[in-house]
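Structure first, commentary second.
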Ligand code: IPM
Ligand code: MN
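In full-length UniProt numbering, the protein residues as written are 53 to 386.
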């Protein structure tokens, strides 16, 4: 029927409400997408968290998924479902742009950062053990394979979005071996991209400079190991107003999952108060990834228009609109 099928993981808490906004706006915009909703309620198999086969099959078949927030189940043996998804599909690069929203005032103007986070290893390797009582080791795993993959991706992505500078963010002065390897590989890969300038910066210094003046970062793509990217991407989100406004994309070679990074907000779930902007902007990244750029532009412009007017915005942004009133305003602005 000429439509793309996309897997939809609505998620927990406010997930279904914000997913509904995306579905309504996409219908109104005539986006040629058919949603395939899947349940990712985890199952424990041999002491490990696994995703139901139907969900795995759906993402594998459709190549792209949009995902709302997932709460991590409590209980022995469960690891974060979000991480399980990244690992299951080997989504090696996590792309996290942060762009100031016109009309939403923060202490910073004209922020436009792009951060790429290694998404499969580092401190997220899950390898931890007790050596003796009172002494534990958590392994930060850095491999040539994963580093090469994410670094190469960062250079390619920079070219695709028209930036000719890549900066590796690291702490190789202390993490001599792990970050040292990452940094050396970055220098090697840089040679394959003569049109892209490459440099490196220590993570603590990046933080200092970014909160002082983020604008000099607007022409760069930052690339870094997993945990640094987790932390620094939240800091960047803080520069523009928080996780309710920032998108993300987990990119793999077989498939990709675009997700809102904020939590499931159980305290406001079901009340029609949630802000769907982060999920909407993640879906815009997804449309761009799929080459549906006309639809991406159309919906993105409508979102920015409604936010800039500031009349029909949700409570987290200082407004009074419900989730569906905001969605309707976006539909009218299309
Ligand atoms: C993120 C989140 C996740 C992470 C959590 C939910 C496991 O903070 O996507 O940044 O730590 O990667
Ligand atoms: Mn995080």
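Glycine included, C-beta positions come from ideal geometry on N, C-alpha and C. Since this is a predicted model, take the numbers as computed values, not measurements.
Inclusion of residue 278 and residue 361 in the CB contact set at 8 angstroms is not warranted, their separation being larger than that value. Relative to the non-hydrogen atoms of the ligand IPM, the Cβ of residue 134 comes within a distance shorter than 7 angstroms of at least one. When beta bridges are read from the DSSP output, residue 56 appears opposite 85. In this structure residue 247 is exposed. Its beta-carbon is surrounded by fewer than 16 other beta-carbon atoms within 10 angstroms. Of the candidates 222, 288 and 194, the residue whose Cα lies closest to the Cα of residue 267 is 288.
As computed with DSSP, residue 276 is found in a beta bridge with 169. Per the C-alpha coordinates, the member of 365, 157, 311 and 330 positioned closest to residue 122 is 311. C-alpha of residue 171 to C-alpha of residue 205: approximately 12 angstroms in a straight line. DSSP, read as helix, strand or coil, puts residue 369 in helix.
DSSP places residue 264 within a helical segment (H, G or I) once states are collapsed to three. Each of 77, 89, 365 and 152 was checked against the Cα of residue 118, and the nearest Cα belongs to 89. Under the Cβ criterion (8 angstroms, minimum of three pairs), the region 106-115 does not count as touching the region 147-158.
Around the beta carbon of residue 382, 16 or more other beta carbons lie within 10 angstroms, which makes this residue buried.
Judged by DSSP in its simplified three-state form, residue 146 adopts strand. Residue state for residue 164 is assigned as strand, using DSSP reduced to three classes. Residue state for residue 221 is assigned as strand, using DSSP reduced to three classes.
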